[in-house]
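Trainee: The following block contains the structure, expressed as structure tokens.
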Amino acid sequence: MATYAIGDIHGAHEPLTRLLERIAFEPRRDSLWFVGDLVNRGPDSLATLRFVRSLGDSAITVLGNHDLSLLSLCQQPDAEDRLHPSLQPILHAPDREPLLEWLRHRPLFHHEARLGWSMVHAGLLPAWDAARAGELAREVEAALREPDYKAFLANLFGNEPDAWQDDLRGYDRLRVIVNAMTRMRFCREDGRMDLGYKKTIAEAPAGLMPWFQLPQRASAGQRVVFGHWSALGQVAWPEYDVWGIDTGCAWGKKLTALRLDTPAPEIIQVDCGRESTTR
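Residue 16 in UniProt numbering sits at position 16 of the sequence shown; the count goes up by one each step and never skips.
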């Protein structure tokens, strides 16, 4: 049995199909971990949602920022005007409600002790190890699954607070958790998130560093696979025990699978126009 993590698909259903052919994925035998952002920008978000949902227990999907945005916008009376054109087919699909209900019940964070891996869409704040991240993610998951989840979605978005404190309460607490796990790339040395700068590490403004390079990070030494950051520049950062597998499929670059059950993680990629492989 093989376990593969798959990078941000963003509605690129056809490259996903080729990638699964390349790794000879067998649903009754293998497992797939999706790092989030199943939808938006690509040509077929609806087919991507339908396919990943159809995998059932063979797939684990964590929520990304674009997935949460879809859930939120579909609740708005002017959703037709606000949704990206690539998402319009979902809004009008006959199975829209089952698809959105399924998406709303996805986790925010996943850890599997047997493999020694954790998965999150964006990152973990320096005070959180895998166990703490799992606890905090469950708070958000509970809010998303409540009957009044629409109130949570209406209060979800914003950049403040920008740092974790254990005594945070209410929507402020949930917003920090969501922002770290679905939007964060850079932090300041004191652990405050910077949600504005989105580009390369080399060009980052003074005082910013990738979340995984922060000193005294509680999750150091715990292997984490994540997506979200197509400008990161490389997949493997073994010196920090992290692998960033958003390799820009949304921008016509590559879609990446990372095999997690082998002694050394194996990288398999397809071009989002033609196939290529890196091992």
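All residues carry an ideal CB built from backbone N, CA and C; glycine is no exception.
Per DSSP, what kind of secondary structure is residue 33 in: helix, strand or coil?
Mentor: Of the three classes helix, strand and coil, the one that applies to residue 33 here is strand, per DSSP.
Trainee: For my contact list, residue 181 and residue 108 are in at a C-beta cut-off of 8 angstroms; report their separation, rounded to the angstrom.
Mentor: Contact holds; Cβ gap of about 5 angstroms.
Trainee: Reducing DSSP to helix, strand and coil, say where residue 203 ends up.
Mentor: Coil, per DSSP.
Trainee: For residue 160, which of helix, strand or coil comes out of DSSP?
Mentor: Looking at residue 160 - three-state DSSP - the assignment turns out to be coil, as it is neither helix nor strand.
Trainee: How many Å lie between residue 275 and residue 13 at the Cα?
Mentor: Any reading at residue 275 is ruled out, since the residue's pLDDT is 39, under 50, leaving its predicted position unreliable.
Trainee: By Cβ distance, which residues of its chain are closer than 6 angstroms to residue 129, with the 5 residues on each side in sequence left out?
Mentor: Correct list, in chain order: 218 and 219.
Trainee: Are the CB atoms of residue 270 and residue 22 within a distance shorter than 7 angstroms?
Mentor: Yes, the Cβ-Cβ distance between residue 22 and residue 270 is below 7 angstroms.
Trainee: Where does the unbroken alpha helix (DSSP H) through residue 181 begin, and where does it stop?
Mentor: First-last of the alpha helix (DSSP H) with residue 181: 170 to 182.
Trainee: Please go through the same chain and pick out, in chain order, the residues whose beta-carbon is closer than 6 angstroms to the beta-carbon of residue 278, but skip the five residues on each side of it.
Mentor: With a pLDDT of 36 at residue 278, under the threshold of 50, the modelled position of this residue cannot be trusted; read the value that follows with caution. 267 and 269.
Trainee: Just curious, the beta strand (DSSP E) that residue 244 is in, first and last residue?
Mentor: Element bounds for residue 244: 242 to 244.
Trainee: Would the beta-carbon of residue 73 fall within 7 angstroms of that of residue 63?
Mentor: No. Outside cutoff.
Trainee: Is residue 169 buried or exposed, if buried means 16 or more other CB atoms sit within 10 Å of its CB?
Mentor: Residue 169 comes out exposed.
Trainee: By the DSSP assignment, the alpha helix (DSSP H) with residue 45 in it spans what residues?
Mentor: Residue 45 -> alpha helix (DSSP H) spans 45 to 54.
Trainee: Measure the CB-CB distance between residue 70 and residue 35 and report whether it falls below 7 angstroms.
Mentor: No, Cβ-Cβ distance for residue 70 and residue 35 is not below 7 angstroms.
Trainee: Measure the alpha-carbon distance for residue 68 versus residue 124 and round it to whole angstroms.
Mentor: Each residue's Cα considered, the two are about 18 angstroms apart.
Trainee: Would you call residue 254 buried or exposed, if buried means 16 or more other Cβ atoms sit within 10 Å of its Cβ?
Mentor: Residue 254 should be labelled buried.
Trainee: Residue 256 and residue 262 - do their beta-carbons sit closer together than 7 angstroms?
Mentor: No; because the gap between Cβ atoms is not below 7 angstroms, this pair is not in contact.
Trainee: Smallest Cα separation from residue 176: which of 159, 33 and 153?
Mentor: Closest by alpha carbon: 159.
Trainee: Give every residue of the same chain whose Cβ lies closer than 6 angstroms to the Cβ of residue 46, excluding the five residues on either side of it in the sequence, and list them in chain order.
Mentor: Excluding residues within five positions, the ones whose Cβ falls inside 6 angstroms are 89, 90 and 93.
Trainee: Out of 116, 245, 60 and 141, which one is the CA nearest neighbour of residue 153?
Mentor: The candidate whose alpha carbon is nearest that of residue 153 is 141.
Trainee: Closer than 8 angstroms by C-beta to residue 216: which residues in its own chain qualify, once you throw out the five before and the five after it? Chain order, please.
Mentor: These residues qualify, in order along the chain: 126.
Trainee: Roughly how many angstroms separate the alpha carbons of residue 41 and residue 10, rounded to a whole number?
Mentor: Residue 41 and residue 10: Cα-Cα distance of roughly 6 angstroms.
Trainee: Does the beta-carbon of residue 105 have 16 or more other beta-carbons within 10 angstroms, so that it is buried, or is it exposed?
Mentor: With fewer than 16 Cβ atoms within 10 Å of its Cβ, residue 105 is classed as exposed.
Trainee: Please report the residue range of the beta strand (DSSP E) in which residue 212 lies.
Mentor: No beta strand (DSSP E) holds residue 212; DSSP gives it neither H nor E.
Trainee: Please name the residue in 96, 30 and 134 whose C-alpha comes closest to that of residue 111.
Mentor: Checking every option, the nearest Cα to that of residue 111 belongs to 134.
Trainee: Is the CB-CB distance between residue 122 and residue 228 below 7 angstroms?
Mentor: In contact: residue 122 and residue 228 (Cβ atoms closer than 7 angstroms).
Trainee: Of the choices 223, 2, 59 and 75, whose alpha-carbon is the least far from that of residue 239?
Mentor: The option with the nearest alpha carbon to residue 239 is 223.
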